Amino acid sequence: MGREDWRALRARYKKLISRFELPYPFEVEDLCAAVAVERGRPLRLLPMPAGLASDTGVCGMWVSFGTADLVYYASVTSRPHQTHIVLHELAHILLDHRESSVPDPAMLAQLFPDLDPAMAVRLLGRSRTKATTQQEHEAELLASIMWQHFNVAPVAVPTATADTADTLSRVMGAFSRSTASRFR
1 MGREDWRALR ARYKKLISRF ELPYPFEVED LCAAVAVERG RPLRLLPMPA GLASDTGVCG
61 MWVSFGTADL VYYASVTSRP HQTHIVLHEL AHILLDHRES SVPDPAMLAQ LFPDLDPAMA
121 VRLLGRSRTK ATTQQEHEAE LLASIMWQHF NVAPVAVPTA TADTADTLSR VMGAFSRSTA
181 SRFR
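Residue numbers (the working numbering): 1 to 184.
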């Protein structure tokens, strides 16, 4: 994709999200509420069951039922990463990404332990469970634009002095040289 194509896509995405007026400081839950109102259906944020992200490599997922949207996010990661995961899934919703594949029954069993896996597959057969590479790129770009548009605070704020950072760098460098010489 050329530079002009990216600029056009970025402009389209900015227009897409400019209709949402959210309070500052931004909270991802505010955007979820605005998207739910726009779609006329509840949007629920749910942490993924423990182990699901590490077992499957999936950090987040949007499951669209007929009457509600569920957005799952990895619970064993930092709050900024969780926010990015939710923004990424909201991007899939806003871009109306769909996939016609059948969900993985093992994953469904973890997400919906009280539901028969065959029933879950039938219910979710129409939902977005896997996305194309292009859809993933689009969702990542839109999620990044949302971070910027809604003036989200930086995810990392330096808390150490420059002297502390320099000392740590020297110690890590010495450790690295010491370890490397052992394994030659």
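The C-beta atom is built at its ideal place from N, Cα and C for all residues, glycine as well.
Every value quoted in this text rests on a predicted model; they were computed, and no experiment measured them.
Check                                                                                                              : Outcome
Nonlocal neighbours in the same chain, by C-beta distance under 7 Å from Ile85, ignoring five residues either side : Cys59, Gly60, Tyr73, Ala74
Helix, strand or coil at Asp5 according to DSSP, with G and I counted as helix                                     : helix
Reference Ala139; option with closest CA among Gly51, Asn151, Ile93, Val35                                         : Ile93
3 or more residues per run - each beta strand (DSSP E) lying fully within the stretch 28-55                        : 43-47
Opposing strand residues paired with Val63 [DSSP bridges]                                                          : Leu70
CA nearest to the CA of Gln134, picked from Met146, Arg98, Glu27                                                   : Arg98
Any non-hydrogen atom of the ligand SAH within 7 Å of Leu70 CB                                                     : Because no ligand of any kind appears in the structure shown, any question about the ligand SAH cannot be addressed here.
Three-state secondary structure (DSSP) of Ala160                                                                   : Low per-residue confidence applies at Ala160: pLDDT is 49, beneath 50, and the placement is therefore not dependable, though the value from the model is reported in the following sentence. DSSP places Ala160 in coil when its eight states are reduced to three.
Simplified DSSP state of Ser24, which is helix, strand or coil                                                     : For clarity, residue 24 is Tyr in the given sequence; the question names Ser instead. DSSP places Tyr24 in coil when its eight states are reduced to three.
Candidates Ala8, Trp147, Pro42, of which the one nearest Gly66 by Cα                                               : Pro42
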